[in-house]
Every structure is written in C-alpha cells, then in structure tokens.
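This note's numbering applies: residue 1114 is where the sequence shown begins, and numbers increase by one. Note that the Cβ used here is the ideal one computed from N, Cα and C, for glycine as well. First the structure, in the form of structure tokens, and then the observations on it.
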Amino acid sequence: MQEINVKAANFTYRVVIEPGGIARLGRDLRLLLPPAKTLLVSDTSVYELYGEIVEKKLRDEGWQVSVALVKPGEKAKSLVNAARLYDQAIRDGLDRNSPLIALGGGVVGDLAGFVAATYLRGVPLVMVPTTLLSQVDSSVGGKVAVNHPRGKNLIGSIYPPRLVLIDPVFLMTLSKRQLKAGLAEVLKYGIISDYQFFDWLELNMDQLLRFNLVLLTDAVAASVRNKAKVVEADEYEKDYRRILNFGHTIGHALEAATAYRHYLHGEAVLSGMYAAVDLAIKMKVLSTEDAGRIDRLLRQIGRRKAPADLTAEAVIDKLRQDKKRLAGEIFFVLPKTIGSATIVAISDRDLICEAVKTVLGK
Ligand SMILES: NC(=O)c1ccc[n+]([C@@H]2O[C@H](COP(=O)([O-])OP(=O)(O)OC[C@H]3O[C@@H](n4cnc5c(N)ncnc54)[C@H](O)[C@@H]3O)[C@@H](O)[C@H]2O)c1
Ligand SMILES: [Zn+2]
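Take a look at the structure:
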C-alpha cells in the first residue's frame, strides 16, 4: 500500500493506492466517519463492472448505500444531473455527515464532487477513481465542476475530497485508447516537474502500454505525488498550479474546435504537448536534446490524428476564447529542461499557428 497525504486549506486527506485496495473502502471510511447513510454515484458502465463489489465492501462495514447512476460520457456533467442527485440525496435523507462516494472516471468525480460541495453547503466527498486519468489527475486537487452549454467546467468550485482510494486493478478493464489518454497526463508530470520520473518512464513506457499492473501502480503513485506537490503549493491556482496546464492550452482548443467529439481529453493534451515542445524550441526555452527525449516518449504513446477538415484558424479562434487567457496574449506552459517548466505569454500569431500546424499534419 502506498499512501500520500495531501494538505488542503482546511484539512489533510489521504490518497491510498493499492492493487485490490477496494477491499478497504468501508473500513477506511470508518476511520473518518461513523457508518451512516451514503450515496454512491457512478456511471452505468462502471457500475456494471464494479458496483456490486463496492457496495458489498461498504455494507460489510455497516454503511447504508443508496445508488445514483448517470449515463457514461461528458454530457453527464450537467446541472440537470446535479439537480437529480440533490433530489435523491434529500429523498434518501442524507445529512451533513453522509459521504458522497464517486465511483468512476473524471466525469463522475467532477459531478459528484460538485454536488458534495453544494449539498447542505458541503458533505464529505470520497473519490474512488477508475480511469487512469482520474487516478492521476482529477481525483486529487479538489477541482469540481459541471459543464454549461456554452463551455466546459464553467460552473464549479475547489472542494477537496476527504479520502481518495485508488485501486489500479480497475485499470485492467480500460480500453487501450483510454489507457494511452491517461498516460499522456502521467508523462506530463515527468516533463514539468520530475526528472527522475521521466527517466523511469523512458525505461518503462513499453510495459505501461501493455497494462503492467505493478508498473502502473508505481506510475499512479508518482503522478499523485507530483500533483499533490503542485496543489499543496498553490491550491487555488493563483500561479504555480498553472504549470499543470502544460499541453492544455492547445489541447483545450483542439477539444473545443472539434466539439469534444474527436479527442479524448488526454489525446488532445498529448497533441498540445507536441505543440508546446515546438514552441519551446522556437522560443529557445528548451534544448533540442531534451526536446528529442520528450518527443520520443510522446511518439511512443502515439498521437491521435486531427480530423482532415480541422484548420489552424479554427483552433486559434478557440485558443483566444480560452478562459485562462488574460489581456491580448496567450499563456503557454513550456518545458525548460526535463523536470521543470515556465509560463510564457506569447502574442506572435504566426509562431502559434506553426505550432498548431505541427499537430494538424498540414
Ligand atoms: N477535476 C479535475 O481536476 C479534472 C482534471 C482532469 C480532467 N477532469 C475531467 O475529467 C473528465 C474526463 O475523465 P475520464 O477521462 O476519466 O472520462 P470518463 O469519466 O468519461 O470515463 C471514460 C469512460 O471510461 C469508462 N470507464 C471508467 N472506468 C472504467 C474502467 N475501470 N473500466 C472500463 N471502463 C471504464 C466510463 O464509463 C466512460 O465511458 C472530463 O470531464 C474532465 O473535464 C477533471
Ligand atoms: Zn488534463
């Protein structure tokens, strides 16, 4: 078992990482709260795979479980679904000490987290992330949100969980495509904040891509440690936390320009990292040697091709609408060396256009 303690503004929470660790859910939750009612939130696919075992582990320890399911997919992160969850929480008589348990990927975590943050002005939130992306990223750090028809994550808060229980065995049922999308975020930590981990990834990427459980467990733990380090330094994203957006500036624009239908989030981020490396070389921020090493790992995970009709102009339009843009310039996180990054404001449209074109294949 690996345990990481994350300091949030008002309390410290444990992230427990262990293959087979789901067995400890009911017990670990008892360390925090006396057994009472709880609402288990999941999507129908995840629930079909793991709902029964998770419910059993909770009931065995005296928790009374009611279940709320949403359809799989990004559309589930809506105010309509949040309202449905409030209705159910009220109907089932959940009170201030009744934990909400998010069993699923980032969609379920963000939605359940948003409801936990707001129902009765906040009830305990427990994350049981089941995708690689949610295990290494969205379950830690406290960002919770739902989408608005005009944009992703427009309605949300910072609301840290009380416990994160990560069972890497869940990853064994992911598709290869989902695994790769998660590995893009894993690699991100190596590039921006952890040279040793990057080295390790160079040695082990091949096995990670083959679902090696032992190595995936270590990769998740190293990623969570890196995320925790950044989030502890800047929980409310005043400055330093922005380095986690490496690959995300262009990544988000690619997702938006394709109406969130073509790329998985991690796939768009992987493309965004290519573009950021291109910018970093041209801005003379990164050496060609380090760029070469980064490029090799990005290629090993493999980039999803852009749709043939996607233009650089369409991507740049979305880039300018990104909510993280201040004044006229666009901020990019660029690697400086392997293991460190810097934030640079760029206003040269041609330079940005060239970087975008590197991932459009035009
Ligand atoms: N809060 C944050 O800090 C943060 C960070 C990054 C991303 N996010 C959000 O996370 C979301 C994306 O999360 P995601 O990539 O986990 O997607 P997801 O939650 O949509 O899950 C992807 C798919 O995998 C299925 N699935 C989940 N676990 C599985 C398993 N173990 N085996 C088989 N199938 C499984 C799901 O049913 C779903 O169809 C986005 O909405 C994004 O905005 C939030
Ligand atoms: Zn991301």
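Open item on the list: Just list the residues that DSSP pairs Q1434 with in beta bridges.
Closed with: Against the sequence shown, residue 1434 aligns to sequence position 321. Per DSSP, none; premise fails for Q1434.
Open item on the list: Given 7 Å as the limit, tell me if E1187 has its C-beta closer than that to any heavy atom belonging to ligand 2.
Closed with: Within the sequence shown, the letter at position 74 stands for residue 1187. Because no heavy atom of ligand 2 lies under 7 Å away, the Cβ of E1187 does not count as near it: no.
Open item on the list: Are the CB atoms of G1415 and V1382 within a distance shorter than 8 Å?
Closed with: One-based indexing of the sequence shown puts residue 1382 at position 269. One-based indexing of the sequence shown puts residue 1415 at position 302. No. Outside cutoff.
- [ ] Please specify which runs of the beta strand (DSSP E), each continuous and at least 3 residues long, are wholly inside the stretch 1382 to 1408, giving them in chain order.
- [x] Counting only runs that start and end inside the stretch 1382 to 1408, there is no beta strand (DSSP E) element of at least 3 residues.
Task: Burial state of M1386 (16 or more Cβ within 10 Å) - done: For this step, residue 1386 is matched to residue 273 along the sequence shown. With 16 or more neighbouring CB atoms inside 10 Å of its own CB, M1386 falls in the buried class.
Task: Span of the alpha helix (DSSP H), counted from its first residue to its last, around Q1248 - done: As a first step, residue 1248 is located in the sequence shown; it is residue number 135 there, counting from the start. DSSP places Q1248 outside any alpha helix (DSSP H), giving it a letter other than H or E.
Open item on the list: If you reduce the DSSP assignment to three classes, tell me which class M1240 lands in.
Closed with: In the sequence shown, counting from the first residue as 1, residue 1240 sits at position 127. Note: M1240 maps to strand in three-state DSSP.
- [ ] Please report how far the alpha carbon of P1212 lies from the alpha carbon of A1258, in whole angstroms.
- [x] Reading the sequence shown from its first residue, position 99 is the one you call residue 1212. Reading the sequence shown from its first residue, position 145 is the one you call residue 1258. Their backbone Cα atoms lie some 18 Å apart in a straight line.
Task: Residues bridged to N1118 [DSSP beta-bridge criterion] - done: By 1-based counting over the sequence shown, the position of residue 1118 is 5. Looking at the DSSP assignment, N1118 forms a beta bridge with R1127.
- [ ] Check the DSSP bridge columns for L1153 and list the partner residues they point to.
- [x] Translated into the one-based positions of the sequence shown, residue 1153 becomes position 40. Bridge partners of L1153: V1180 and I1214.
Task: Cβ-heavy atom distance, H1375 to ligand 1, below 7 Å - done: By 1-based counting over the sequence shown, the position of residue 1375 is 262. No, Cβ of H1375 sits at least 7 Å from all heavy atoms of ligand 1.
Open item on the list: I'd like to confirm the pairing. Which residues does DSSP put opposite V1277 in its beta bridges?
Closed with: Counted from its first residue, the sequence shown places residue 1277 at position 164. When DSSP reads this structure, V1277 sits in a beta bridge with V1128 and M1240.
TODO: Can you grab the Cα-Cα spacing for the pair L1238 / A1215, in whole Å?
DONE: Your numbering for residue 1238 matches position 125 in the sequence shown. Your numbering for residue 1215 matches position 102 in the sequence shown. The alpha-carbon atoms of L1238 and A1215 are separated by roughly 8 Å.
Open item on the list: Distance check for F1311 and L1292, CA to CA, integer angstroms please.
Closed with: Position 179 of the sequence shown, counted from the first residue, corresponds to residue 1292. Position 198 of the sequence shown, counted from the first residue, corresponds to residue 1311. Per the coordinates, the alpha-carbon of L1292 lies some 18 Å from the alpha-carbon of F1311.
Task: Opening and closing residue of the alpha helix (DSSP H) in which F1310 lies - done: Position 197 of the sequence shown, counting from 1, holds the residue named residue 1310. Its alpha helix (DSSP H) spans residues Y1308 to L1321.
Task: Pair within 8 Å by beta-carbon distance, A1088 and K1449 - done: Because the chain here runs from 1114 to 1475, residue 1088 falls outside it and cannot be looked at.
Task: Option nearest D1461 by Cα separation, candidates I1451, F1444 and T1455 - done: In the sequence shown, the residue the question calls residue 1461 occupies position 348. With distances taken between Cα atoms, D1461 lies closest to F1444.
Task: Cβ-heavy atom distance, H1361 to ligand 1, below 7 Å - done: Taking the first residue of the sequence shown as position 1, residue 1361 is located at position 248. Not under cutoff, so the answer is no.
Open item on the list: Please report the straight-line C-alpha distance between Q1248 and G1379, rounded to a whole angstrom.
Closed with: Along the sequence shown, read from residue 1 onward, the residue named residue 1248 stands at position 135. Along the sequence shown, read from residue 1 onward, the residue named residue 1379 stands at position 266. So the alpha carbons of these two residues sit roughly 13 Å apart.
TODO: Classify L1267 as buried or exposed, calling it buried when 16 or more other Cβ atoms lie within 10 Å of its own Cβ.
DONE: Here residue 1267 corresponds to residue number 154 of the sequence shown, with the count starting at 1. Looking at its Cβ environment, which holds fewer than 16 other Cβ atoms inside 10 Å, L1267 is exposed.
TODO: Check the C-beta distance from V1343 over to M1396 and give it rounded, since I have them as a contact under 8 Å.
DONE: Looking up residue 1343 in the sequence shown gives position 230. Looking up residue 1396 in the sequence shown gives position 283. With a Cβ gap of about 22 Å, V1343 and M1396 do not count as contacting.
Task: Validate contact between the stretch 1409 to 1425 and the stretch 1292 to 1303 using beta carbons, cut 8 Å, 3 pairs - done: Yes: the two stretches touch, three or more of their Cβ pairs being nearer than 8 Å.
Task: DSSP-derived helix/strand/coil call for E1298 - done: In the sequence shown, residue 1298 corresponds to position 185, counting from 1. In the structure shown, E1298 sits in a helix (DSSP, three-state: H, G or I).
- [ ] State the Cα-Cα distance for the pair Q1320 and G1206, rounded to the nearest angstrom.
- [x] Translated into positions along the sequence shown, residue 1320 becomes position 207. Translated into positions along the sequence shown, residue 1206 becomes position 93. Per the coordinates, the alpha-carbon of Q1320 lies some 47 Å from the alpha-carbon of G1206.
- [ ] May I ask you to check if the CB of E1298 is nearer than 7 Å to at least one heavy atom of ligand 2?
- [x] As a first step, residue 1298 is located in the sequence shown; it is residue number 185 there, counting from the start. Yes, since a heavy atom of ligand 2 falls inside the 7 Å radius drawn around the Cβ of E1298.
TODO: For N1339, decide whether its Cβ has a neighbour in chain E, counting only Cβ atoms nearer than 8 Å.
DONE: Note that chain E does not occur in the displayed structure, where there is just one protein chain.
Open item on the list: With H, G and I counted as helix, E and B as strand and the rest as coil, what does DSSP make of F1444?
Closed with: On the sequence shown, position 331 is the one that residue 1444 refers to. The answer is strand: DSSP assigns F1444 an E or B state.
- [ ] Flag this pair as yes or no: are the beta carbons of E1168 and V1183 separated by less than 8 Å?
- [x] As a position in the sequence shown, residue 1168 is number 55, starting the count at 1. As a position in the sequence shown, residue 1183 is number 70, starting the count at 1. Not a contact, by the Cβ cut-off of 8 Å.
Open item on the list: Per DSSP, what are the beta-bridge partners of S1158 in this structure?
Closed with: Counting from 1 along the sequence shown, the entry for residue 1158 is found at position 45. As computed with DSSP, S1158 is found in no beta bridge at all.
Task: DSSP state of A1421 mapped onto helix, strand, coil - done: As a working note, residue 1421 is residue 308 in the sequence shown. In the structure shown, A1421 sits in coil (DSSP, three-state: anything other than H, G, I, E or B).
TODO: Have a look at I1305 and G1175 and give me their C-alpha separation to the nearest angstrom.
DONE: Counting from one through the sequence shown, the residue named residue 1305 turns up at place 192. Counting from one through the sequence shown, the residue named residue 1175 turns up at place 62. Their Cα atoms are separated by approximately 43 Å.
Task: Which of helix, strand or coil DSSP assigns to K1169 - done: Position 56 of the sequence shown, counting from 1, holds the residue named residue 1169. Secondary structure of K1169 (DSSP, three-state): helix.
- [ ] Determine the direct distance from the alpha carbon of D1173 to that of Y1353, and round the result to whole angstroms.
- [x] In the sequence shown, residue 1353 corresponds to position 240, counting from 1. In the sequence shown, residue 1173 corresponds to position 60, counting from 1. Near 43 Å, if we compare the C-alpha coordinates of D1173 and Y1353.
Task: Cβ neighbour criterion (16 or more within 10 Å) applied to E1165 - done: On the sequence shown, residue 1165 is found 52 positions in, with the first residue counted as 1. With fewer than 16 other Cβ atoms within 10 Å, it is exposed.
Task: Exposure of L1171, with buried meaning 16 or more beta-carbon neighbours within 10 Å - done: Counted from its first residue, the sequence shown places residue 1171 at position 58. Burial state of L1171 is buried, judged by a 10 Å Cβ sphere holding 16 or more other Cβ atoms.
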